[in-house]
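Contents: one structure, followed by commentary.
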Amino acid sequence: MPQHSVVHGSGPAAAAAETAVEKDARHVLHPWADLSALGEQKPLVVRGAEGVRVTDTEGRTYLDAIGGMWCVTVGYGRRELIDAMRAQALKMPYYTPFGDVSSEPAAELGARLAELSPGDLNRVHFTTCGSTAVESAVRIAHFHFAARGRPEKKHVLSRVDAYHGSTYLAASLSGKAADRTTFHYEDGWVHHLESPAHDPDTSSVPAADHLAALIDRMEAEIAAIGPENIACFIAEPIMASGGVLIPPPGYHEAALDVCRRNDILYISDEVVCGFGRLGHFFSSEAAFGVVPDIIVTAKGLTSGYQPLGAVLVSERIAEAMAAAADRSKPVFSNGFTYSGHPVACAAALANIEVMVADDVCGHVRDVGPYFVRRLRELRDHPLVAAVRGDHLMACLECRVPGEEDGPTARNQALAQRVDRHCEEAGLLVRPFENLCILSPPLVVTKGDIDRIATITADALDAAEHDLR
Ligand code: PLP
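Spelled out as structure tokens, the structure:
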């Protein structure tokens, strides 16, 4: 019984008369919500979606330049995915994935992901989302070293500005200062290397010098912790939620080389950068020239139609895990009731089919550079400190004229204002700190991109007008 029903004393009839917006405002505790406005916010309650557009409960339609949450790739309303989910639910909606039990969709998807993945990353451990996949990847690294008789190899290297999720360990791996609130975090064995971000537009340091310094400091940090204590390094190819932060060319190859020399596993978090956002199913090798030991994927894996995560593991690692030195503890005690849920795996299989049939990755390689070019035209706007992007992920950094760069209160308020103007004009972007993040569905057309660029430019002009 919700506490509000006593206070309001209005009974089921009045509750039924409440709109979804009112019910949501009174009862739903949102992820990542500003609790200072609890109960007072007017949430956007989305009722319908088709193609690249969503419609709210008041009938307003928006071009969704967030792609749900970086995840809706093939667009909304794809019958192929919906039919596959329905057919699987009718045939067998759920069965346990534990031990030596599986379902047909999980088996098929495991094989399909092994075909699509680089190198020998042929073993797939399914989870429920990106955070649980990140946690599982680190636990795989731990299990692997314990199996090799090296249980002291436990420490994890992450990076400042990273985002890896919202469960305890994934949040601890994340490295954005603003994300760290009053929760507890694991700091004993999680270390954050500096952010590798390099923006050639704004940096006075040449990319090659920046890279050399980053790698020197990475090696120094490893020496200080002791490579014998370090299990893995985790990195997004491009830091997404950090603000589409792009490392200098050669960074991932050099970091992988450092990892190899120190017997540290390299985990690539492709939760955002995989499944087409950068024009490839997996971007580590295709876009950055590295074959990691482990790849984490989620989001675009099902185009957001179902929650699902997957950890792709090298055969070499899986074999070492299986040949566990400690035969008294052979069970890989990690996994969830809904790991590799059959309906989610059916959605993922249909999603991959659609992506291949429609050559969605090829489409992204075609329209992605146009998207970045159109947004970069906004670089000279007085309220824009920087524009960064790669294929279909981009970010605008807002700055009040005369204000310092970064997430100051005034810059954050400005980003919110730009977001509001976009929304009023029928465009959803994602405001975060002083950033406006854009990651449209991958099926976005050049016409949609023009609309995104025009509305964003108009929103910046309107926000500038507000400041006068
Ligand atoms: N890793 C990255 C790079 C992400 O951007 C996210 C979510 O945004 C996650 C992991 C966590 O994924 P989920 O929200 O599905 O748990």
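Each number in this note's numbering corresponds to the 1-based position in the sequence shown with 7 added. No residue lacks a Cβ here, since even glycine has one placed at the ideal position from N, Cα and C.
Rounded to whole angstroms, the gap between the alpha carbons of Ile301 and Glu277 is 10 Å. Residue pairing for Tyr83: DSSP places it in a beta bridge opposite Gly58. Distances from the CA of Asp387 to each of Ala464, Lys306, Gly82 and Val350 were compared; the closest alpha carbon is that of Ala464.
Ranked by Cα distance from Pro314, the first of Val303, Leu218, Ala351 and Ala91 is Ala351.
Nearest neighbour of Leu474 by Cα position, chosen from Met76, Asp397, Glu431 and Arg406, turns out to be Arg406. Taking 3 residues as the minimum length, the beta strand (DSSP E) runs contained wholly in the stretch 180-247 are 197-200 and 237-242, in order along the chain. Residue Val81 holds the alpha-carbon nearest to the alpha-carbon of Val450 among Glu228, Cys239 and Val81. By the neighbour-count criterion, in which 16 or more other beta carbons inside 10 Å mark a residue as buried, Arg67 falls on the exposed side. In the structure shown, Thr68 adopts extended strand secondary structure according to DSSP, grouped into three states. In this model, Glu87 and Arg323 are separated by some 36 Å (Cα to Cα).
At least one heavy atom of ligand 1 is found less than 8 Å from the C-beta of Lys306. Of the other Cβ atoms in all chains shown, fewer than 16 fall within 10 Å of the Cβ of Leu36; this residue is therefore exposed.
When the beta-carbon positions are compared, Asp186 and Tyr170 come within less than 9 Å of each other.
With a cutoff of 8 Å, Pro314 counts as near ligand 1, since its C-beta is closer than that to a heavy atom of the ligand. Bounds of any beta strand (DSSP E) do not take in Asp300, whose DSSP letter is neither H nor E. The Cβ neighbour count for Leu434, taken over all protein chains shown within 10 Å, is at least 16; the residue is labelled buried. Using a Cβ distance threshold of 9 Å, Ser290 and Ile444 do not count as a contacting pair. In this model, Asn269 and Arg85 are separated by some 46 Å (Cα to Cα).
Distance from the Cα of Gly409 is smallest, within the candidate group Arg417, Tyr258 and Pro337, for Arg417. In the structure shown, Ala118 adopts helical secondary structure according to DSSP, grouped into three states. Burial state of Ala420 is exposed, judged by a 10 Å Cβ sphere holding fewer than 16 other Cβ atoms.
The beta carbon of Arg424 lies closer than 7 Å to those of Ala470 and Asp473 in the same chain, with the five residues before and after it left out. If you draw a straight line from the Cα of Gly307 to the Cα of Ala364, it is about 16 Å long. Restricting attention to Ile229, Gly283, Ser173 and Ala215, the CA atom closest to the CA of Pro38 is found in Ser173. One thing to note: Ser321 has its Cβ within 9 Å of the Cβ of Leu128.
Note that the C-beta distance between Val303 and Tyr273 is not below 9 Å. No heavy atom of ligand 1 is found nearer than 8 Å to the CB of Asp71. In this chain, the alpha helix (DSSP H) harbouring Ser291 covers Ser290 to Phe295. Between Leu252 and the set Leu200, Val394 and Val141, the nearest pair of CA atoms involves Val394.
C-alpha of Phe150 to C-alpha of Pro158: approximately 8 Å in a straight line.
The beta-carbon separation of Thr134 and Ala317, rounded to 7 Å, stays under the 8 Å limit for a contact. Taken in chain order, the complete alpha helix (DSSP H) segments of 4 residues or longer contained in the stretch 304-331 are 322-329.
When DSSP reads this structure, Cys405 sits in a beta bridge with Val391. Apart from the 5 residues on each side of it in sequence, Gly250 sits with its Cβ closer than 6 Å to the Cβ of Cys402 and Leu442 in its chain, given in chain order.
Taking C-alpha positions only, Phe240 is separated from Ser446 by approximately 26 Å. In this structure, Arg54 is the residue among Arg54, Gly58, Thr452 and Asp71 with its C-alpha nearest to the C-alpha of Thr64.
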